[in-house]
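Protein chains: 2
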Amino acid sequence: MGGSEIRRTMPLFPIGIVMQLADLSARQIRYYEEHELIAPARTEGNRRLFSLNDIDRLLEIKDLLEQGINMAGIKKILAVSQKEPAERDTVAKKPELTDDELRTLLKKEMLSPGKISRSSLRAGDLSRFFR
Amino acid sequence: MGGSEIRRTMPLFPIGIVMQLADLSARQIRYYEEHELIAPARTEGNRRLFSLNDIDRLLEIKDLLEQGINMAGIKKILAVSQKEPAERDTVAKKPELTDDELRTLLKKEMLSPGKISRSSLRAGDLSRFFR
DNA sequence: ATTTTGATGTAAGAAAACCTAACATGTTAT
DNA sequence: ATAACATGTTAGGTTTTCTTACATCAAAAT
């Protein structure tokens, strides 16, 4: 656990800025939250505050969506990519999609034109904006 | 001119976040702007938006203030630290403080207890928050 | 060929966050 | 004692964001 990681999770950006950075509408961002793909922090006054990680995540969501994957599928995929490498193999629990369903999804992705297995995460890493 | 510099100047943070990051009150931040020590961007609706550079600058201001330097002095000092190394020597124009005044200021700084010449810029570099 | 579903747009009303301007307060310097 | 400086506080107004609800449009299912 590399201490300095805390910073990428620091809630910093209001939705207006995130809209610009990720090129998404407020509606889209809130919809993804509604479907539990992201869970931005909130101010005392209930305004959303996004971290750098949140924004990276939104870019991944955007990417996966463009590949024709739906909320459920994206949720599943992000859930895996979220785990620490250690857990990643061990924890294969609580699938909200049956294996059958996931297989169908992935098959669909395979058949989609263009980019194949380049959904290898870090789709649009926000770190390009800094330093 | 290293191209990627653009990003540190990107207006991203509303004043509420900056208050936390720099540990300054809104009043203080606006006061420094009033005295032209910073010039944050504005949204279409006139809300201030600060860049990483702006926040670094605020931390420098805070540091200099704690050393007993006033607005005019800080403005002068930051003006110098702002220049690119190339210009820095060439451009010694339009001092809004006389040389006498500046000398007095710097003498005062020298005599202040504690930290001496550690005002060597990059006082509280914000980059520590990222990566 | 309809009907459903999934993702997004849009509108309305309320509340939070921010804005400027003005006056108040506590130091430090003259 | 007065003046200058940095900051606090209050007031009234505007922008941004919030939730909720309904509308739209394409793709999938029937």
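Sequence order for the protein chains is A and B. Just so we're aligned: the first sequence equals residues 13 to 143 in my numbering. Just so we're aligned: the second sequence equals residues 13 to 143 in my numbering. A virtual CB, placed ideally from N, CA and C, is assigned to each residue, including glycine.
Serine 37(B) classed as buried or exposed, judged by whether at least 16 other C-beta atoms fall within 10 angstroms: exposed
Kindly list the residues whose CB is nearer than 6 Å to the CB of aspartate 66(B), restricted to its own chain and excluding five residues on each side of it in sequence; keep chain order. So the list reads Ile50 and Pro52, once near-sequence residues are dropped.
Consult DSSP for alanine 12(B) and reduce its assignment to one of helix, strand or coil. This structure cannot settle anything about residue 12(B), because the visible part of chain B is limited to 13 through 143.
Who pairs with leucine 70(A) in a beta bridge, going by DSSP? Bridge partners of leucine 70(A): none, in fact.
DSSP beta-bridge partners of arginine 60(A): Arg54(A)
Suppose the cutoff is 6 Å on Cβ atoms and the five residues either side in sequence are ignored; what does the same chain contact list for alanine 104(A) look like? Because alanine 104(A) sits at a pLDDT of 49, beneath the cut-off of 50, its placement in the model cannot be relied upon, and the point is left open.
Please confirm if the region 40 to 48 of chain A is in contact with the region 70 to 85 of chain A, defined as three or more CB-CB distances below 8 Å between the two stretches. yes
Just tell me which of Gly85(A), Asn82(A) and Arg69(A) has its CA closest to the CA of valine 152(A). Given a span of 13 to 143 for chain A in the structure shown, any question on residue 152(A) remains unanswerable.
Nonlocal neighbours in the same chain, by C-beta distance under 6 Å from arginine 19(A), ignoring five residues either side: Here the set comprises nothing.
Buried/exposed call for glutamate 72(A), threshold 16 Cβ in 10 Å: buried
Looking only at its chain, what residues have a beta carbon closer than 8 Å to the beta carbon of lysine 87(A), apart from the 5 residues adjacent to it on each side? Excluding sequence neighbours, lysine 87(A) sits near His47, Glu48, Leu49 and Glu108.
Local Cβ density within 10 Å of serine 85(A), reported as buried at 16 or more and exposed below that: Correcting the residue identity first, residue 85(A) is glycine in this sequence and not serine. By the 10 Å Cβ count, glycine 85(A) comes out buried.
Cα-Cα separation between arginine 54(B) and leucine 64(B), rounded to whole angstroms: So the alpha carbons of these two residues sit roughly 15 Å apart.
Should valine 92(A) be counted as a contact of the ligand FAD given a C-beta to heavy atom distance under 6 Å? The ligand content of the structure shown is nil, which means the ligand FAD is not present either.
Evaluate arginine 60(B) with the Cβ neighbour count: other Cβ atoms within 10 Å of its Cβ, from every protein chain shown; 16 or more gives buried, anything less gives exposed. buried
Residue from Ile27(A), Val92(A) and Ser93(A) whose Cα sits closest to the Cα of asparagine 58(A): Ile27(A)
Span of the alpha helix (DSSP H) around arginine 39(A): 38 to 46
Specify, as a first and last residue, the run of the alpha helix (DSSP H) that leucine 33(A) falls within. Note, leucine 33(A): alpha helix (DSSP H), 27 to 34.
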